[in-house]
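Undergrad: As numbered in our numbering, the sequence shown has no gaps in its residue numbers, which increase by one up to the final residue, 1002. Glycine is no exception: its CB is placed at the ideal position from the N, C-alpha and C atoms. This is the structure I have questions about; it appears just below.
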Amino acid sequence: MGAQPMPDPICKAAIELVKHFEGLSLDAYLCPAGIPTIGYGHTAGVSLGQRITAEKAEALLADDLAAAAAAVDALVTVPLTGGQRGALASFVFNLGRGNFQSSTLLKRLNGGDPEGAAGEFGRWVNATVQGRKTKLPGLVKRREAETLLFRRNLFLTRMAAADPMPQAVDTPAA
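Structural data, given as structure tokens:
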């Protein structure tokens, strides 16, 4: 039995979270784990030298997040809030269905322990870089944001506090 579907395919906060952490690249590049990537973190069928439009990047993101949300719906057996479903979709988007399916996070969630599940996000902060497991600061921040979205349905407020925009521009002295 899957989670109850949301009226929207995925909450806007989750889309913004993924966009924030993936960034947009219209040219294919190697991510820190050495995987060819394009758009907002799209990896399927990508080869270096490939270029896409911003519209194509949006379409790929929508498809990738729909697939991630479908995996969440198929694997989670308890009701979810929109923020929980969105946080889990971001997690699956980043780490894949297989990692989510075998995770203690999913076991705790399906076992009726959402707070214990929330505590598991922070364990997924390593990537294989040049053959070694390496803790990536970007993954630490992403897991913190996913945890906040999961627990409180918050993303943008937290990110605004964590990454404040400059409030003034210094002008050079004459």
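What residues in its chain sit with their C-beta under 8 Å from that of Ile880, if we drop five residues either side in the sequence?
TA: Scanning its chain for C-beta atoms nearer than 8 Å, with the 5 sequence neighbours on each side dropped, one finds around Ile880 the residues Leu854, Ile866, Gly867 and Leu888, in chain order.
Undergrad: Between which two residues does the beta strand (DSSP E) holding Ser853 run?
TA: Ser853 to Leu858
Undergrad: Does the distance from the C-beta atom of Ser918 to that of Glu974 stay below 9 Å?
TA: yes
Undergrad: Suppose contacts are defined by Cβ-Cβ distances below 9 Å. Is Arg936 in contact with Leu903 by that definition?
TA: At least 9 Å separates the beta-carbon of Arg936 from that of Leu903.
Undergrad: Distance, Cα to Cα, Pro864 vs Gly873?
TA: 9 Å
Undergrad: For Asn981, which of helix, strand or coil comes out of DSSP?
TA: coil
Undergrad: Is it buried or exposed, Ser875, if we count other Cβ atoms within 10 angstroms and call 16 or more buried?
TA: exposed
Undergrad: Identify every run of the beta strand (DSSP E) within the stretch 844-917, keeping only runs that are complete inside it and at least 3 residues long; order them along the chain.
TA: Listed in chain order, the complete beta strand (DSSP E) runs (minimum 3 residues) inside the stretch 844-917 are 853-858 and 864-867.
Undergrad: Got a sec, what are the start and stop residues for the beta strand (DSSP E) Arg936 sits in?
TA: Premise fails: Arg936 lies in the alpha helix (DSSP H), Thr932 to Asn938, not in any beta strand (DSSP E).
Undergrad: Name the one or two DSSP bridge partners that Asn954 has.
TA: Paired residue(s): Lys963.
Undergrad: By Cβ distance below 6 Å, which residues in the same chain neighbour Thr871 in space, the five residues on each side in sequence not counted?
TA: So the qualifying residues of the chain are Ile863 and Thr865.
Undergrad: Which stretch, first to last residue, makes up the alpha helix (DSSP H) that contains Phe928?
TA: Unbroken alpha helix (DSSP H) run through Phe928: Arg925 to Gln929.
Undergrad: Would you decide whether Gly940 is buried or exposed? Buried here means 16 or more other CB atoms lie within 10 Å of its CB.
TA: exposed
Undergrad: With H, G and I counted as helix, E and B as strand and the rest as coil, what does DSSP make of Gly944?
TA: Helix at Gly944.
Undergrad: Between Phe849 and Gly966, is the Cβ-Cβ spacing less than 9 Å?
TA: yes
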